[in-house]
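S.K.:
Numbering (our numbering), first residue to last: -12 to 259.
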């Protein structure tokens, strides 16, 4: 198992120094709406970009229920020195995602060619998944493709429901495009354990996730060898204040995720 996957930890804006800071600075997934509304958040990630981190601006749909406009996404990306923008997507709906991404890509390119554009593959069934993937893999505007986490129990043979089945299918059928950067969005129902499988694929660049922070804040340890059982959890923006006596547990959880991903990155404050 040679490949390592870069890990971007997602945490509430008040805890960026505690949990999101990286040594060395490699990659961060950044919420566009926070960049535009929170000067401290904006400053943190602009500094990380100056340290060499690749900044990816997310479109806001997962948190807000709707994506930000093309001008807002470009403004956010420029404010933090981002290299990539994740295009608008519609959960579980391939045709709507293709339409939203195509439109946003045109609008962004009318304003700027400075950013790699990342499309997210969504689908209601496997036929739709393959159609959505093929649409993006063959689109000139797509420089990156992101695969969402598998969040609910589902048949393991379904491409649209089980991400490690999808990545194995893409590789086994020669469908991985060399010009495209591939990313995993979020930790799914098997958490960090999925990353041990995904590291078989040399072409997966990164994964982001809030699970180590949320679970640690709840007092739940992520065990290196599993089992991984995630109870019902609040969304990251609803987490509230995190007691300081949970900080070490959160940092241990982050370490577990990074070790599963084969990443040697550390939180600066946690270094020995």
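Every residue, glycine too, gets a C-beta built ideally from N, C-alpha and C.
With a threshold of 16 other CB atoms inside 10 Å of the CB of residue 310, please say whether the residue is buried or exposed.
M.R.: A query on residue 310 cannot be resolved here, the shown segment of the chain reaching from -12 to 259 and no further.
S.K.: Would you list the one or two residues that DSSP bridges to residue 130?
M.R.: Paired residue(s): none; residue 130 is not in a bridge.
S.K.: Is residue 122 helix, strand or coil when you go by DSSP?
M.R.: Residue 122: helix per DSSP, three-state reduction.
S.K.: Between 129, 140, 80 and 134, which has its C-alpha nearest residue 95's C-alpha?
M.R.: Checked all of 129, 140, 80 and 134; the closest Cα to residue 95 is 129.
S.K.: Can you have a look at residue 228 and say buried or exposed, based on whether 16 or more other CB atoms are within 10 angstroms of its CB?
M.R.: Label assigned to residue 228: exposed.
S.K.: In chain order, which continuous runs of the alpha helix (DSSP H) of length 4 or greater are located wholly inside the stretch 157 to 239?
M.R.: Within the stretch 157 to 239, the complete alpha helix (DSSP H) runs of at least 4 residues are 180 to 185 and 198 to 204.
S.K.: Identify which residue in 234, 142, 199 and 61 has its Cα closest to the Cα of residue 173.
M.R.: The shortest Cα separation from residue 173 among 234, 142, 199 and 61 belongs to 199.
S.K.: How is residue 246 classed by DSSP in three states: helix, strand or coil?
M.R.: The answer is helix: DSSP assigns residue 246 an H, G or I state.
S.K.: Check this for me: beta carbons of residue 255 and residue 10, under 7 Å apart or not?
M.R.: Cβ atoms of residue 255 and residue 10: closer than 7 Å.
S.K.: In the DSSP assignment, find the unbroken beta strand (DSSP E) run with residue 95 in it and report its ends.
M.R.: Per DSSP, residue 95 belongs to no beta strand (DSSP E); it is in the alpha helix (DSSP H), 81 to 98.
S.K.: Let me know if residue 195 comes out buried or exposed under the rule of 16 or more other beta-carbons within 10 Å of its beta-carbon.
M.R.: With 16 or more other Cβ atoms within 10 Å, it is buried.
S.K.: In this structure, does DSSP put residue 25 in helix, strand or coil?
M.R.: In this structure, residue 25 counts as coil in the three-state DSSP scheme.
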